[in-house]
Amino acid sequence: MRSLTYQVPLLRWVASNRLKSSSSAVSSLRSVAKRELDGIQTAGTWKKERIITSKQDVSIQVEGSGRKLLNFCANNYLGLSSHPEIIKAGVEALDKYGAGLSSVRFICGTQDIHLQLENKIAQFHKQEAAIWYPKHHFDTSEPPY
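Quick note on numbering: full-length UniProt numbering labels position 77 of the sequence shown as 77, and the sequence is numbered without any gaps.
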């Protein structure tokens, strides 16, 4: 059932009428997708997406809720994502380096900020060197674990 989680957005798109075709194959596919989605809802495993309209902090504002809710599911357990110094450092880095790498370091080169990070990691672990390999994309066919 876990792998089905990654298929739900596709099933929802297929079941909608946004797929512009009236062929019997598309009609059949739409019917299968609707049946699968109905099965997920009937089994009680449907997850309704919450729309967060505030910073991800200890408490959050969620669309449709008139009050702040405790955010137990965040990886922000240190509260750093909303910390003013972190936000300031992020804005400074965006101004200096832009919003992301153009490609992997072996094609475009290595940015000085990455070398600084690697040196700090190596020092922390009392090693001669360290190398940082960021995961730069999310592949929906790949489980996030």
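Cβ atoms here follow ideal geometry from the backbone N, Cα and C, with glycine treated the same way. Predicted, not measured: the structure shown is a model, and the values here were computed from it.
What are the residues that DSSP puts in a beta bridge with residue i?
i: K68; result: Q61
i: I51; result: Its beta-bridge partners do not exist; DSSP assigns none.
So, helix, strand or coil for residue i, using DSSP?
i: I131; result: coil
i: C73; result: coil
i: A43; result: coil
i: H114; result: helix
i: L94; result: helix
i: Q123; result: helix
Is it buried or exposed for residue i, if we count other Cβ within 10 angstroms and need 16 for buried?
i: V104; result: exposed
i: L70; result: exposed
i: V91; result: exposed
i: A33; result: buried
i: L11; result: buried
Do you know whose CA, among the options, lies nearest residue i's CA?
i: K47; options: Q123, V8, H114, A89; result: V8
i: H37; options: S81, N119, Q116, A15; result: Looking at the sequence itself, residue 37 is Leu, so the reference to His does not match. Cα-wise, what sits closest to L37 is A15.
i: N119; options: A130, G98, A99, Q111; result: A130
Contact check, residue i vs residue j under 8 angstroms by CB: the rounded distance?
i: L80; j: I86; result: 5 angstroms
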